[in-house]
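With my numbering applied, the sequence shown covers 7 to 242.
Read through the structure below, which is laid out as structure tokens, and then see the notes.
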Amino acid sequence: MKNTFSLFLLVALAYGQTAYGQTANVQKSLATATLNQISGDLTFGSGKTLTMQSGSTLYAQSLTATGTNNNITLTPSGTGGVLFPDGSASSPAIAFVAAGGPLGLYRTGNSINFSSTGTRVFYVSTQGITVNGSDSLGSASSPLIAISAAGTTGFFQTAAGSIGISNVGILTLTLDSSQNATFAGTAITLASAAAKAGLRIPHGAAPTTPTDGDMWSTNSGLFIRIYGVTKTVTLT
Numbered sequence: 007m008k009n010t011f012s013l014f015l016l017v018a019l020a021y022g023q024t025a026y027g028q029t030a031n032v033q034k035s036l037a038t039a040t041l042n043q044i045s046g047d048l049t050f051g052s053g054k055t056l057t058m059q060s061g062s063t064l065y066a067q068s069l070t071a072t073g074t075n076n077n078i079t080l081t082p083s084g085t086g087g088v089l090f091p092d093g094s095a096s097s098p099a100i101a102f103v104a105a106g107g108p109l110g111l112y113r114t115g116n117s118i119n120f121s122s123t124g125t126r127v128f129y130v131s132t133q134g135i136t137v138n139g140s141d142s143l144g145s146a147s148s149p150l151i152a153i154s155a156a157g158t159t160g161f162f163q164t165a166a167g168s169i170g171i172s173n174v175g176i177l178t179l180t181l182d183s184s185q186n187a188t189f190a191g192t193a194i195t196l197a198s199a200a201a202k203a204g205l206r207i208p209h210g211a212a213p214t215t216p217t218d219g220d221m222w223s224t225n226s227g228l229f230i231r232i233y234g235v236t237k238t239v240t241l242t
């Protein structure tokens with residue numbers, strides 16, 4: 007093996023290591039400051055160490071710690087770091103073992119993406135956290151943010167600027183961009199008690215174009231719009 011650079015691979019392997027397609031279990035002096043000669047898998051036995059000099063780069067298909075309860079620990083020195091490629095949804099840079107498909111983290115631009123079975127499910131960027139990278143609106147039966155084990159209760163986007171809340175797969179409440187709240191069922195308030203009433207309509211001004219069913223109060227009284235006519239609730 008060539009010895010043009012002083013890079014030493016300190017390996018005392020219990021189960022062997024591939025370097026140049028050979029099995030190594032002693033200290034080796036490799037040819038360049040970039041370990042691109044190591045083309046196979048690196049397998050470390052219990053308590054074994056790989057030491058690399060400053061400025062060196064390791065390329066390997068996999069790093070495997072054999073034995074029981076053994077870990078692979080990457081510890082950069084000084085101001086160095088552990089660098090990963092960008093990756094993709096189908097091939098994340100940091101991947102976890104998953105029977106259903108790729109699961110892990112990857113990078114696009116200034117975003118860190120989280121993928122499951124090859125699909126981006128949410129990402130973190132300078133704009134905050136965005137759920138579901140495919141920009142799906144979700145649905146009542148499959149909300150984007152689920153808060154139940156069954157995944158049918160949570161929050162989703164009913165339309166642009168509108169948020170829906172579903173319960174067991176059924177739309178319960180919609181909040182739109184005009185600050186309207188629409189209940190799919192009956193709106194039931196708490197029963198009035200000595201501490202407070204169950205419903206409060208603060209005094210304000212009458213709407214310019216009231217809609218049938220509107221109710222409001224002013225300093226002059228309580229009003230209801232019924233079939234195109236504004237009615238005043240008579241106080242007794």
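Using N, Cα and C, we set each Cβ at its ideal position, and we do this for glycine too.
For Gly204, which residues in the same chain have their Cβ closer than 7 Å to its Cβ, ignoring the five residues on either side in sequence? Thr195, Leu196, Ala197, Ser198
Going by beta-carbon coordinates alone, are Ser96 and Gly134 separated by less than 9 Å? no
Please classify Thr164: is it buried, with 16 or more other beta-carbons within 10 angstroms of its beta-carbon, or exposed? buried
Opening and closing residue of the beta strand (DSSP E) in which Phe189 lies: 187-189
Round the Cβ separation of Ala190 and Leu181 to the nearest angstrom and send it over; I've been treating them as touching at under 8 Å. Their Cβ separation, rounded to whole angstroms, is 12 Å, which puts Ala190 and Leu181 out of contact at 8 Å.
Out of curiosity, what's the CA-to-CA distance linking Val32 and Gly93? Note that Val32 scores 28 on pLDDT, short of 50, meaning its location in the model is unreliable; the coordinates nonetheless yield the value given after this. Approximately 34 Å between the Cα atoms of the pair.
Distance check for Thr214 and Ser223, CA to CA, integer angstroms please. When rounded, the distance between both Cα atoms is 14 Å.
Cβ-based neighbour list, Thr136, same chain, cut-off 7 Å, excluding 5 preceding and 5 following: Phe128, Tyr129
For Pro98, the three-state DSSP class (helix, strand or coil): strand
Leu4 bridges to which residues according to DSSP? The structure shown does not extend to residue 4, since the chain spans only 7 to 242, so no value can be given for it.
Go to Val235, then tell me how far its beta strand (DSSP E) extends in each direction, as first and last residue. 235-238
Run through DSSP, which three-state label would Asn173 get? Strand.
Between which two residues does the beta strand (DSSP E) harbouring Ile207 extend? Here Ile207 belongs to no beta strand (DSSP E), and DSSP marks it neither H nor E.
Give every residue of the same chain whose Cβ lies closer than 7 Å to the Cβ of Leu177, excluding the five residues on either side of it in the sequence, and list them in chain order. Ala146, Gly170, Ala190
So who's on the other strand from Ile153, going by DSSP bridges? Answer is none; Ile153 lacks a bridge partner.
So, for Ile151: in the same chain, excluding its five sequence neighbours on each side, which residues have a beta-carbon less than 7 Å away from its beta-carbon? Val137, Gly160, Phe161
With 16 as the cutoff for other CB atoms within 10 Å, does Phe90 come out buried or exposed? exposed
Same chain, Cβ closer than 8 Å to Tyr233, neighbours up to 5 away in sequence not counted: Asp218
Whole angstroms is fine: what's the gap from Arg206's alpha carbon to Thr192's? 17 Å
Taking the beta strand (DSSP E) that Ile135 falls in, what are its first and last residues? 134-137
On the three-state DSSP scale, how would you describe Phe229? Strand, per DSSP.
Going by C-alpha to C-alpha distance, which of Leu143, Ala99, Asn173, Val174 sits closest to Ser322? Given a span of 7 to 242 for the chain in the structure shown, any question on residue 322 remains unanswerable.
Can you name, in chain order, every residue of its own chain whose Cβ lies under 8 Å from the Cβ of Thr236, other than the five neighbours on each side? Ala212, Pro216, Phe229, Ile230
Going straight from the alpha carbon of Arg126 to that of Gly115, what length do you get? 14 Å
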